[in-house]
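Colleague: In the numbering used here, the protein residues as written are 313 to 829. Ideal Cβ positions, reconstructed from N, Cα and C, are used throughout, including at glycine.
1. Note down the Cα distance separating residue 421 from residue 808, rounded to an integer number of angstroms.
2. Only counting the same chain, and skipping five residues up and downstream in sequence, which positions put a Cβ closer than 8 angstroms to that of residue 492?
3. Could you give the residue range of the beta strand (DSSP E) that holds residue 410?
4. Quick one: what does DSSP say residue 522 is sitting in, helix, strand or coil?
5. Taking only three categories from DSSP, how would you classify residue 644?
6. Determine, using beta carbons only, whether residue 803 and residue 791 come nearer to each other than 8 angstroms.
7. Rounded to whole angstroms, what is the Cα-Cα separation between residue 538 and residue 709?
8. Label residue 377 either buried or exposed according to how many other C-beta atoms from any shown protein chain fall within 10 Å of its C-beta, with 16 as the threshold for buried.
9. Less than 8 angstroms between the beta carbons of residue 666 and residue 619, yes or no?
10. Just the C-alpha distance for residue 685 and residue 676, rounded to the nearest angstrom, thanks.
11. Do residue 485 and residue 759 have their C-beta atoms closer together than 8 angstroms?
12. Starting from residue 655, trace the beta strand (DSSP E) in both directions and tell me its first and last residue.
13. Does residue 342 come out as helix, strand or coil in the three-state DSSP assignment?
14. Got a sec? Which residues, its chain only, sit under 7 angstroms from residue 629 by beta carbon, not counting five neighbours each side?
15. Considering only C-alpha positions, which residue in the set 733, 705, 723 and 532 is nearest to residue 389?
16. Going by Cα to Cα distance, which pick from 688, 820, 408 and 549 is closest to residue 694?
17. For residue 663 versus residue 639, is the C-beta distance shorter than 8 angstroms?
18. I need the DSSP call for residue 738, collapsed to helix, strand or coil.
19. Output the distance between the C-alpha atoms of residue 739 and residue 505, rounded to the nearest integer angstrom.
20. Taking the beta carbon of residue 627 as the centre, do at least 16 other beta carbons fall within 10 Å, making it buried, or is it exposed?
21. Verify the CB distance criterion: does residue 394 have a CB-CB separation below 8 angstroms to chain B?
22. So the alpha helix (DSSP H) residue 706 belongs to, where does it begin and stop?
23. Report back the beta-carbon spacing between residue 648 and residue 369 to the nearest angstrom; my notes put them in contact at under 8 angstroms.
24. Pair every Cβ in the segment 721-728 with every Cβ in the segment 397-415, then say whether three or more of these pairs are closer than 8 angstroms.
25. Quickly, what does DSSP pair residue 630 with across the bridge? List them, please.
26. Round the Cβ separation of residue 526 and residue 718 to the nearest angstrom and send it over; I've been treating them as touching at under 8 angstroms.
27. Provide the residue span of the beta strand (DSSP E) that contains residue 783, from first to last.
28. For residue 824, which residues in the same chain have their Cβ closer than 6 angstroms to its Cβ, ignoring the five residues on either side in sequence?
29. Which residues in the same chain have their Cβ closer than 7 angstroms to the Cβ of residue 715, if we skip the five residues on either side of it in sequence?
30. Grab me the residues of residue 580's own chain with a C-beta within less than 8 angstroms of its C-beta, minus the 5 sequence neighbours each way, in chain order.
31. Going by DSSP, which residues form a beta bridge with residue 397?
32. Provide the residue span of the beta strand (DSSP E) that contains residue 667, from first to last.
33. Does the distance from the C-beta atom of residue 815 to that of residue 784 stay below 8 angstroms?
34. Since residue 808 is in the beta strand (DSSP E), which residue starts that stretch and which ends it?
35. Mind checking which residues open and close the beta strand (DSSP E) that includes residue 786?
36. Of all the options 482, 800 and 795, which has the alpha carbon lying nearest to the alpha carbon of residue 818?
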């Protein structure tokens, strides 16, 4: 098998193109086992033997009947029709995934603080941000964090600190400072985690998996996508790359693929099998990175059609490989249900080669092969999804590769929430995608601010059992009773709930209430 760049399928997507956008199912790069398949006959139509001959087909070829696709496409398990946008957000971001993000983020914040104290690396540059962690991030705070991330996609600035900058009056954005302080947001972004680092094999381990840090959000996204939408018959599979300058070994060659299949074949089967789409006569469209004669044959054995372009250097009948048709002409060859085609659209264009187990050798009124027209119509699902996702994605640079991937998936989940909204809302009540995102941001922000302004009680996990901290409302601050001196004042946004004195989260283990004394 020729070596290929694994980055081409790190985030391969299986998309059913709808009349709105592409509803996406993600693929991850976790090692898997491909079920062995043997050559066999299908209803006596043909034998998948390698020595079976190819025959030239002259148009028009008799039209053959196709097997019936049993699944009824559309949405399922929906909230009441014409529900508010926030209802569709919670379909994608369930309470379980929000709890997991909150739990693992708090766990990593505690691990980070412990490590810095042990190594004596809690320098002044990071101490102020660590003081912002008073023992616990809450679920409503994670919701506010997501609202801030989504709003950064609508209001783009060069760097994160610019959202809190007050240097230029014309560039102020007070909404962000009303949600979080800059230090609090940057601390939350730094501590954002989806897994427990102690249970994840590190880079020097033989079991190291670079996708382990974002695998939970991929698995959750795949689960909810399948739960709420049954795709149409036509599916498109294509690669979707996430740009990052972070260092990662995921751009290296993956040698875990079985020797008897190409990389593209491995990806297609893994995506369809994980999505439960094999054996239902779906019609899959692929580009020449994935398509091969072997893939088309094996998919037909699994009761799945395939149409795609194919590279000239792959296994093809000589008639198609050496074909050089004139402009607006095509050459066909068939072996059982396998149909190959070489087509040149214009005099100055290259010959394009197709493989299909669904189409017949016929032309439309413009003298184009029907399989070429079908390919152009349905192949753009993933590219359309990338385009729609990129419109309102911040694409913020990060030093950690997996966070860039996770935030990208957050935006794709939000886009799919809008697709469900379009399906389940009357046309005269539908709003634009921009307004849909704004409504979700407002709902999440309101919940976060109400919880914060009520003075949500936070308990420090490192503190004495009797010490409880309360956040001051608004921008109020008090001097920390522990670390402040007559010369140097240390301001705190949290106070002891019993004595009312200002106390930092890092100082609470040294605090003793006057009431207690």
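Modeller: For this structure:
1. 21 angstroms
2. 456, 457, 460 and 500
3. Element bounds for residue 410: not the beta strand (DSSP E) but the alpha helix (DSSP H), 407-431.
4. coil
5. strand
6. yes
7. 30 angstroms
8. exposed
9. yes
10. 9 angstroms
11. no
12. 650-656
13. In this predicted model, residue 342 has a pLDDT of only 31, less than 50, meaning its place in the structure is not dependable enough to derive any value.
14. 366, 645 and 652
15. 733
16. 549
17. no
18. coil
19. 39 angstroms
20. exposed
21. Absent here is chain B; the protein component of the structure consists of one chain.
22. Note, residue 706: premise wrong, no alpha helix (DSSP H); not H, not E.
23. With 8 angstroms as the limit, residue 648 and residue 369 do not qualify as a contact, their Cβ atoms being about 12 angstroms apart.
24. yes
25. For residue 630, which the question treats as bridged, DSSP gives no partner whatsoever.
26. 5 angstroms
27. 781-783
28. none
29. 504
30. 549, 596, 598, 602, 607 and 611
31. Answer by DSSP bridge pairing: none, since residue 397 is not bridged.
32. 664-668
33. no
34. 806-808
35. Residue 786 -> no beta strand (DSSP E), and no H or E assigned at all.
36. 795
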